[in-house]
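Since the structure comes first, as C-alpha cells, the remarks are kept for the end.
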Amino acid sequence: MIVVELDPRQEQVLLAVVREYIRTVQPVSSSYLVEKYGLNCSSATVRNVMARLEELGFLSQPHTSAGRIPQDLAYRYYVDRLVESGIGTPPEAPVIRDEVVGAQDVLETLMEQASRLLTQTTRHTSLILAPRLRRSFFRYLQLVPLGPRRLLFVLLTQTGSIVEKILELSLPVPPDLLEGMTEALNRRLRGVSLTDISQELLGEMRSDVDEQILQELTLAARDDSLDSGSRLVLGGTSRLLDQPEFRDVERLRKILKVLEEEKILAEVLIKTLDTPGFRIWIGQENELAEMSGCSLLAVSYSLWGEPVGILGLLGPTRMPYDRMLAILNCVAQSMSQRLERMGPLA
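First residue of the sequence shown: -9, per this note's numbering; consecutive thereafter.
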C-alpha cells in the first residue's frame, strides 16, 4: 500500500538507496548512485533529491558527512512496489519442492522439514504456525473396543492431528457391528471439513451408526479446543546473531524474549490466516514494540484451498525482500501440495 506518491526521479533514487543499503549495510552517497546506476543527472541533483526524501521521512543521515540510510517508510515503499510487480521463483525452487513434497507422511516431520529449509535458504529465523484443527478435513476414524460398553474414539485429520476420547456406551455394541460403523463413517466423511460435520450430515447415517457415536463425533468436530491448539515452530533463532543490527545486546534480548513467548507471537500470526497474499510488518508497523527494529513476513499455506497455517520469516528491516518473499511463497505452495497428498493411514 503506497502511502506517498513520488515523482519518477525520486522513486528511482529511493529504490536505489534501499537496494544498496540492503546489500552493503553502509550509508549511500549521491556520488555513488550516479556512478553505479548511471543516473542522467549530477551528483548535486541527486543530493537534493535525497534531501527531499529525508524531509518526507524516507531517508535519514546518520552524520552530516555521511550518505543516507532507509527508514521504515522507504522499506514499505520498496516492498509495495516489489509485490505489485510480482514475486518471482527462487533458484532453489526445485530443491524446496522435492524436499517438502517428498517429506514423510507425518505432520511433525513436514513442519520440521519446512522450518529447516526456510532457515537454511534464507539465513533468517523461520516461524511456522501449525495447522489449526478446525481448519482441517476428516481423514480417518477408528473405534477401538475396550470392553462390552467401552470404546476408544480416535479421529485423525488430514493434517495429521489426532482427537482421542474414551466413550462409555449405554448399550454394548458387537465387534462386527462396530467395524461396520467405522467403515460407514470413513466412507461418508472422508475429505469433509470438520466445520461441515453437522447434525444434518450425520443424521443421514443413523441407520448405520449408533446414535451415541454420532453425537460424540459432532461434539468432537465442534470442540472449541480445536481452535486453540495451534503451535508455533521456530527455527534458526541464532541467525539473528549474524545480523549487524542485532549486535546490540539489549535490542537482541528484547527480540529473544518475544520469541520465547510463542503464544503471543502465534496470536499475531493467527489474525492473518484469512488475509490473501503476503502480510508484511516493517519496523514500527509491528504490533509488538520489542520487534520495532525487525521485519516479519508471513504467508498462509492451505489444504484444498482452505488456509490452515502460516509460514513466516523474521529478520532486520534491511533484508533482501525479493528473495525472502520468493522463498517463503515457494515453501508455502509446496506445503500446501504436500498436505493435500496426505492419504489415509495404512
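Don't be surprised by glycine CBs; every beta carbon is placed ideally from N, CA and C.
Please return the same chain residues whose Cβ sits closer than 6 Å to the Cβ of Leu146, not counting the five positions on each side in sequence.
Taking the first residue of the sequence shown as position 1, residue 146 is located at position 156. Cβ within range, chain order: Arg129, Tyr130 and Ile152.
Using 8 Å as the cut-off, can you tell me whether the region 222 to 237 makes contact with the region 103 to 118, which would need three or more C-beta pairs spanning the two stretches below that distance?
Proximity of the region 222 to 237 to the region 103 to 118 meets the contact definition, three or more beta-carbon pairs being nearer than 8 Å.
Quick check on the DSSP output: the alpha helix (DSSP H) that includes Gln20 runs from which residue to which?
Residue mapping note: residue 20 aligns to position 30 of the sequence shown, counting from 1. For clarity, residue 20 is Ser in the given sequence; the question names Gln instead. Note, Ser20: alpha helix (DSSP H), Ser20 to Tyr27.
Contact between the region 303 to 323 and the region 283 to 290: three or more CB pairs below 8 Å?
yes
Around the Cβ of Ile245, are there at least 16 other Cβ atoms within 10 angstroms (buried) or fewer (exposed)?
Taking the first residue of the sequence shown as position 1, residue 245 is located at position 255. Classification for Ile245: buried.
Can you tell me whether Glu10 is buried or exposed? The criterion is at least 16 other CB atoms within 10 Å of its CB, across all chains shown.
If you number the sequence shown from 1, residue 10 lands on position 20. Buried.
Report the rounded CA-to-CA distance for Lys26 versus Val8, giving the unit in angstroms.
Taking the sequence shown and counting its residues from 1, the one referred to as residue 26 is at position 36. Taking the sequence shown and counting its residues from 1, the one referred to as residue 8 is at position 18. Whole-angstrom Cα-Cα distance: 14 Å.
Considering Lys253, what are the terminal residues of the alpha helix (DSSP H) in which it resides?
Taking the sequence shown and counting its residues from 1, the one referred to as residue 253 is at position 263. Lys253 -> alpha helix (DSSP H) spans Glu252 to Ile260.
Taking 8 Å as the threshold, find out whether the region 35 to 51 comes into contact with the region 232 to 252 through three or more Cβ pairs.
no
Got a sec? Which residues, its chain only, sit under 6 Å from Ser21 by beta carbon, not counting five neighbours each side?
As a working mapping, residue 21 is identified with position 31 in the sequence shown. Closer than 6 Å at Cβ, skipping near neighbours: Ser33.
Within its chain, find whatever has a CB closer than 7 Å to the CB of Pro234; leave out the 5 residues flanking it on each side and keep chain order.
Walking along the sequence shown from the start, residue 234 turns up at place 244. Cβ neighbours of Pro234 beyond the five flanking positions: Val15.
Suppose the cutoff is 6 Å on Cβ atoms and the five residues either side in sequence are ignored; what does the same chain contact list for Gly193 look like?
Within the sequence shown, the letter at position 203 stands for residue 193. Taken in chain order, the list of residues that qualify is empty.
In whole angstroms, what is the alpha-carbon distance linking Pro334 and Arg196?
Counting from 1 along the sequence shown, the entry for residue 334 is found at position 344. Counting from 1 along the sequence shown, the entry for residue 196 is found at position 206. Residue placement at Pro334 is poorly supported in this model, since its pLDDT is 38, which falls under 50; the coordinates still yield a value, given next. Roughly 24 Å separates the two Cα atoms.
Run through DSSP, which three-state label would Ala288 get?
As a position in the sequence shown, residue 288 is number 298, starting the count at 1. Strand, per DSSP.
Status (buried if at least 16 other CB within 10 Å, exposed otherwise) for Val298:
Numbered from its first residue, the sequence shown carries residue 298 at position 308. Buried: at least 16 other Cβ atoms inside 10 Å.
CB Phe340 to CB Val182, shorter than 8 Å?
Past the boundaries of the shown model lies residue 340; the chain is included only from -9 to 336, so the question cannot be answered.
Taking the C-alpha atoms as reference points, what is the distance between Ile187 and Leu159?
To locate residue 187, count along the sequence shown from 1; it is residue 197. To locate residue 159, count along the sequence shown from 1; it is residue 169. When rounded, the distance between both Cα atoms is 21 Å.
I need the DSSP call for Leu161, collapsed to helix, strand or coil.
Start at 1 with the first residue of the sequence shown, and residue 161 comes out as number 171. Assignment of Leu161 by DSSP, reduced to helix, strand and coil, places it in the coil class.
Would you check if the distance between the CB atom of Val223 and the CB atom of Ala120 is smaller than 8 Å?
Position 233 of the sequence shown holds residue 223. Position 130 of the sequence shown holds residue 120. It is a contact, given that the beta carbons lie within the stated cut-off.
Just the C-alpha distance for Glu206 and Ile270, rounded to the nearest angstrom, thanks.
Along the sequence shown, read from residue 1 onward, the residue named residue 206 stands at position 216. Along the sequence shown, read from residue 1 onward, the residue named residue 270 stands at position 280. Taking the straight line joining both Cα atoms gives about 41 Å.
Enclosing beta strand (DSSP E) for Gln94 [first to last residue]:
Walking along the sequence shown from the start, residue 94 turns up at place 104. Element bounds for Gln94: n/a, residue is neither H nor E.
Quick one, are the C-beta atoms of Ile86 and Leu100 less than 8 Å apart?
By 1-based counting over the sequence shown, the position of residue 86 is 96. By 1-based counting over the sequence shown, the position of residue 100 is 110. No, these two residues do not count as a Cβ contact at 8 Å.
My output table needs one value for Glu201: the three-state DSSP class, helix, strand or coil.
In the sequence shown, the residue the question calls residue 201 occupies position 211. In the structure shown, Glu201 sits in a helix (DSSP, three-state: H, G or I).
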